[in-house]
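Have a look at the structure below, then the notes.
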Amino acid sequence: MLMLLVLALIAACLVPLVARVVGKGAGLIVAVVPFALLGAFVAFASIVERGWVRSEGWRWAPSLGLDLTFRLDGFSFLFCLLITGIGGLVTIYSGGYLTDKPRHERSRFLTLILLFMVAMLGTVLAENMLLMILFWEATSVLSFLLIGFDSRSPRSRRAAIMALQVTAGGGLALIAATAMIGQVLGTYSMAEAVRRGPELLASNWGAPIVACIMIAAFTKSAQFPFHFWLPNAMQAPTPASAYLHSATMVKLGIYLLARFEPVIAGTAWGRNTLIIVACITMLVAALQALRAESFKSALAYSTIASLGILVLLVGLDGPAASVAMIGFLLAHALYKAALFFCAGSVLHATGTGTLRALGGLRRTLPFTALACTLASLSMAGIPPFLGFISKEFLFEAQLESSWELAPLAVAVLVNAVMVGVAGVITLRPFFLAPQSEVRIEHGESFSLVAPPLLLALAGLVISLEPDWITRVAIRPAVAAVFGRPVAVDVAVWHGPTPMLALSAVVVAIGAAIVIWWRPLHVVLRRHAPIEQFGLERLWERSVRATLRLSAGLTARVEHGDLSGYLATAIAGFVTLVVWALWQAGAPLRLPGDDPVRLAEAAVALVGVAGALAAARARNLLAAMIAVGLTGFAVAITFMLNGAPDLSITQFTVEALIVVLLTALLLVVPLDAPTTRERSRRVGHMAIAASFAAVMFVVMLDMAGATNATPAADWFGRMSYVAGKGHNVVNVILVDFRGFDTLGETSVIAVAALLGASLLHARTRPDPVAARSVHFSFHAASRPLFWLLLAASVVILWRGHDQPGGGFVGGLVAALAFAVLSLARGVGEAARALRSSPVMLVAIGLGLAVASGLPSMIGGAPFLTHLWWEPGGGLPKLGTTILFDLGVYAVVLGAVLTFLFGLQREAAR
Amino acid sequence: MTILYALTAAAIMGAALYMILSRNMIRILLGLALLSTGVNLMIFLAGDFSSRQPPLIREGQQVLDEAADPLAQALILTAIVIGFALTVVLATIVMRGWRATGSLDVRRPDAPEQPDDPELRGPDAD
Amino acid sequence: MSIAAHAAILAGAVALLVRALSAEPLAVTIFGGWPTGIGVGFAARLPGAVLVVVAALIAFAAALYAVADIGARRRAGGYDALSLAMLAAVNGAFLTTDLFNLYVWFELALVAALGLITLDRREAQIGGALRYAAFAMLGATAILAGIALLYGVTGTLDLATLGRLLRTTPPSVATAAAAALLLGGLALKSGLFPFHQWLPSSYAAAPVTAAAVFAGLLTKMGFYALAVVLAGLWGGTTLLLPLGLIAAATMVLAALSALTQTDMRRLLGYHVAAQVGYMAAGLATGTAQGVTAAVFYMIHSMIVQANLFLGIGAIRRATGSWNLAHTGGMIRSNPLFAFLFAVPMLSLAGIPPLSGFWAKLLVVRAGLDAAPWLAVAALLSALITITSVAILWSEACWKSLRGRRVRRVPPAMLAGMGVLSAATLAIGLMPEPVLRVARLSAAAIARMGGGA
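Quick note, the sequences are listed as chains A, B and C, same order. Residue numbering for the first sequence follows UniProt numbering, beginning at 1 and increasing consecutively. Residue numbering for the second sequence follows UniProt numbering, beginning at 1 and increasing consecutively. Residue numbering for the third sequence follows UniProt numbering, beginning at 1 and increasing consecutively.
Here it is in structure tokens:
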């Protein structure tokens, strides 16, 4: 079976080639594929009729529980015959129907139809439920593509999306059900799931599984309250409607329910739910069918009613119900597809689908009229058509089942409506006189006539010569559904029975409906409240509400005010931390006794004061200075606590920030009135304060933890021995954690690149006019520049043993250039560099990376530093110096990129 | 002393956050710079805080005596420089924003919508 | 040249993955040759190694695509260097063995991303960059504070050592707060609700090739770190409920927001966030199955999201607009494009047999075991996502475009998309190897604290 599917898939992919070459006759040629498949399946008949099951299996993804397992039993065999047989007729018909369409659209349509056929076959053959979902979802997607095939029309697009929403939603329910089954049983085999149904029901997931399966089936088979997508789906080209939306795809829900019937029956409410839903569906659909104006929508509603009958039959117990279900499935597929073909032919010929506007077509479309009559007779359940036999089965099943009479009454009523609809759709377009003249655009052609006639005749032939089909398809299918063989007697005449009487009642009421159709129709249409039955409205409204919700949500969450976003984020952080603390419930540890030293306390308080002043400042310059004050206070704190390296770095950074931001502050208004309303400010203060409070508590605990720092001790011991440096911090930076530093250096390098790109002047700037600076500053700038530059080199060089290093060195050198540019303008400072800052960055990054490479020749990891100690008073040399030099160059280049760029930009 | 420093770090962070929540871009920029200062102080507290000696191995010795935590210092050094780089990058972006809109209000340079221009279609069009 | 470089990176990444899968003793390089726990190193372990391959694949596809999208002016602005720096940062994060080093790579990625966002210096780009920068720096602060707390308590930054310590010691105030701060900061970086607001506007501002790389790499880098920190360091037992709430909110609300977006870039931006929600849901189950699902989801989603951004860039090229209302007709003018675009779209919608279906299935399965409400949220979000994808398809591919001719999509763009679509199809048709890698990854993450 896998081979068949693969071959069909390949054939589907080849269709575009064929259809482009062949043109109008493509439908006939492509139809070879489904018919060949039909032949192949018929060859399995000898297996199926003995009640055997043919299984195949391959491994696909065993750890997902996904296997390529297929299973052909009587039930799937019946489906396969319908899918391939009707599929072949649909392709033939499409060839005739799409004559007006351009060649590539026709080939696309045929490809989709064949793909759909493969998906359908896969769904009914798959044994593994994940595999079935795969094909099931494929039918939904292909249905979406076919409904929206006429993609220029907004109505088709809307209908396609609606159908996808409903059926894909059902698909999700099926996925949920499958996942739950896998969870309970540990397998995704459908046969296993059905066999071990009691186990499923006994678990916690029993009711959800059954409910999800029902939802999946109801959506696919257009049952109340999900039925509304099907009439809209009639936007699809008619061959697609015939195939997908009446003969095959919509029956997948029935397939699923029938397969899981034993599980559903195991719950107290399963059968009742099915029957109630089916009855509501039938009534609603019957009512709407009477109100329908167009040929196709009348057929669509009658299809929904028929699907309701099928669900009802699944819900009823007893062998007769299974027989009736299979019989009706077959009969309905035959006559409804034929009727859709007829509707399509009428639409194709006249360009109009409204029943009222049609009439007298029997003269121009004689064969179509014949096919329509035959199929309608079957639909109306007139002997000796198959429809009559299936209706007898239906009533028999209802009488035999343990149910009350209410469903029977509903069934009688609905069948009467079907008779009425069958009468109207045959008489009105073909036999009654038209109200106005009907213009004919296309006549009949072989492709348009043969498929409906064949199907309609099949309905007659089967009922008169039922032996083969009963033996091969119906009886095995019933046995597969019911679970054990059942005697099936397909015959037109069973003598006078209660069923015959009921049939007579149905036909009588139906005839009355046909006669009084017009007034009935008008009255029903006039009553707008019935519209409320249309759940479509409700759905539309809920979709619109969802969209409104979405828009409202977006407007609320994405209000465009950064301040609000950040407030949310900070509040989120605080909430998370508080939650975590509450959850951990650990006691708070406090740091040990640690006397307050006055000088340090004063410095710290200056830092706090600076921060608070910055937060309060209305003037940006003042705020910047206050921030700088805090920075310096922290720098001094570092110095007082044994961190000279940090201290110098912090000092230099603060100085450079001041220089750089001054360039920015020169161009913007310094006076910055508050931008927040009072209430907002208070809220923000609360958020900021709560964050600070939480962090305070947490820091206390951190400081109170017993502090064993194994790594830090190791650094202290090994720094000189292995890293050849006295300054442990520097050794860590260039050697132990040199890779961090390399990453950080890349950050600076990339920042420089960004700065160069953002600050690059698109137009040549005017030569920067020398600003007036105090002459002493001007005069002192040169010496100061050289002094700072020299200092930076010294800091760089001695960094390995004394406080200093590449970072600080680079920053100090940048400070030197800053002095020069402040005093004598950017131009002069840039000239003093004698190279572009970005080039310096590139060279520096290259140096830093290169310093780690030589050791790799010896097989050591990247960044293993090499040392050369000449001895004799000469300084030791190592690749770390190269590394630090690289860092120096990158930092210098990057800062200068921004310095020059910002100052140039400010001067514009 | 540790408690005092913890208080200092927390206060700096709180003030920084308050500035970040402003709608003035420069305040946000300064706030972020301040925030990184506060966090650096926090990392400093995370290190071994018992000694106030700088982690320098004395001349002639092989191993470090009792000294401040060198690893925390190395981390802070990295963090300071990264914070500096980001502050400067942000300053550049603010400068561009000011040049583009003439406003320092964060609500002004609006990211979401922009007009479609069918004429601009080549590379670099958008 | 850029393409050749990316191809070389891809080859190297594959070699690394092979090594990671084969080497029984962990393949670790400590730079500088120092002992473990002292120096900073790279480890070829899962899931990092496989994510490096995926990242390289995305970068390679983006380089192909860039031939048509990135012109001379953008290259002069440093596009190549910035995007390579970004790739380096992401790879660094995936491979590093050190928590602080991870932070450094985040900052490198941030600066490179800012450079890419502002490449054209337009007002919207400045606005997007400003938002992104402010958010990311706030997030980085939280991360850094968390790291500081961990260092203060344990005295180490090595991930394996930290994991061992954190799992064996009872929670303290500081470690609990560190977990919360890291969760918050990394959730911000991954674009999880309510920290996601930076994402749509900054992705919308960047040149579309860069946006594709962001969508593929940036948020996933954040999520990778989240997985390593929560599931690796804490053994997946801490903060599960808040993470689950965040995940559920992200899945549903971000998908809902995507529904009414008209700008395609913002629409996909929300989907990026929603998809991270699924991964977080996997993580929030706290089970090995959940982490497996999260890793599988990550691999799938990186490829699909990048591809979707490449796709809308092509739509924009063909129709001249980012606005859904002004696009259309792609299926008639560019059928090959429509096919290549359908693959990531269907995968995003979770239609089998594409990668997205298996990913969603794994998340749902993991959710059923641990927290059924997460599975329900995942399915609800899936329904919204399907609708959104259907609308996107209907508007961009079906609707006819009035008054303007739809242009051809350049072959380079199709080539870039083709690479990623093929990868999505391959994962979908052969989920087994990816799932095995995801399982091994979950085991590797779980093992992080104990022993190897």
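Just so it is clear, CB atoms sit at the ideal spot from N, CA and C, and this is done for glycine as well. All values reported here derive from a predicted model rather than from experimental measurement.
Between the alpha carbons of residue 143 of chain A and residue 216 of chain A lies a distance of about 16 Å. Contact of residue 106 of chain B with chain C is assigned, a C-beta pair being separated by under 8 Å.
If only uninterrupted alpha helix (DSSP H) runs of at least 4 residues are considered, those enclosed by the segment 268-309 of chain A are 270-291.
The criterion of a C-beta distance shorter than 8 Å is satisfied by residue 311 of chain A and residue 221 of chain A. Under the DSSP assignment, residue 645 of chain A falls in the alpha helix (DSSP H) whose first and last residues are 644-665.
For residue 86 of chain C, the closest Cβ of chain B is not nearer than 8 Å. Of all residues in the segment 852-863 of chain A, those with a C-beta nearer than 7 Å to a C-beta of chain C are 860, 861, 862 and 863, reading in chain order. For residue 161 of chain A, there is no enclosing beta strand (DSSP E); the enclosing alpha helix (DSSP H) covers residues 154-185. The three-state reading of DSSP puts residue 52 of chain B in coil, since its state is none of H, G, I, E or B. Within the same chain, 290 and 513 come within 8 Å of residue 520 of chain A by CB-CB distance, once the 5 residues on both sides are set aside. Taking a cut-off of 8 Å for Cβ pairs, the segment 80-88 of chain C and the segment 101-115 of chain C touch, as three or more such pairs fall below it.
Proximity of residue 565 of chain A to chain C, defined by a Cβ-Cβ separation below 8 Å, is satisfied. The Cβ-Cβ distance between residue 329 of chain C and residue 401 of chain C falls below 8 Å. Counting of Cβ neighbours within 10 angstroms places residue 429 of chain C among the exposed residues, the total staying below 16. Residue 402 of chain A: not part of any beta strand (DSSP E); DSSP gives it neither H nor E. Listed by position along chain A, the residues whose Cβ is nearer than 7 Å to that of residue 107 of chain C are 747.
Under a criterion of Cβ atoms nearer than 8 Å, the residues of chain C adjacent to residue 144 of chain A are, in order, 390.
The count of Cβ pairs closer than 8 Å, one atom from the segment 696-703 of chain A and one from the segment 613-629 of chain A, stays below three, leaving the stretches out of contact.
If you draw a straight line from the Cα of residue 154 of chain A to the Cα of residue 399 of chain C, it comes to about 8 Å. Residue environment for residue 245 of chain A: buried (at least 16 other C-beta atoms within 10 angstroms of its C-beta). Judged by beta-carbon spacing, residue 309 of chain A lies within the 8 Å limit of residue 282 of chain A, meaning their Cβ atoms are closer than that value. Our two residues, residue 569 of chain A and residue 257 of chain A, have alpha carbons roughly 49 Å apart in a direct line. Annotation for residue 99 of chain A: 24 place their beta carbon closer than 7 Å to its own, counting only its chain and skipping 5 residues before and after. Here residue 40 of chain C is near residue 740 of chain A, since their CB atoms are less than 8 Å apart. Contact note: residue 645 of chain A reaches chain B through 73 and 77, using a C-beta cutoff of 7 Å and chain order. Contact between residue 352 of chain C and residue 137 of chain A holds, since their C-beta atoms are separated by about 5 Å, short of 8 Å. Not one beta carbon of chain B lies nearer than 8 Å to the beta carbon of residue 379 of chain A. Taking C-beta separations shorter than 7 Å and ignoring five residues to either side along the sequence, the partners of residue 725 of chain A in its chain run 719, 731, 800 and 801, following chain order. Cα atoms of residue 188 of chain A and residue 68 of chain A: separation of roughly 11 Å, rounded to the nearest angstrom. Listed along chain B are 32 and 86, each with a C-beta nearer than 7 Å to that of residue 137 of chain C.
The three-state reading of DSSP puts residue 862 of chain A in coil, since its state is none of H, G, I, E or B. Distance from residue 43 of chain C to residue 67 of chain C at the Cβ level is roughly 35 Å; contact not present, criterion being Cβ atoms closer than 8 Å.
Take residue 84 of chain A, set aside five residues on each side of it, and the residues of its chain with a beta-carbon closer than 8 Å to its own are 34, 35, 37, 38, 41, 117 and 121, in chain order. Boundaries of the alpha helix (DSSP H) harbouring residue 92 of chain B: 70-101, taken from the DSSP string.
Interface residue (Cβ-Cβ distance to chain B less than 8 Å): residue 755 of chain A is classified as such. Taking 9 Å as the cut-off between beta carbons, the residues of the segment 178-210 of chain C near chain B are 200, 201, 202, 204, 205, 207 and 208, in sequence order.
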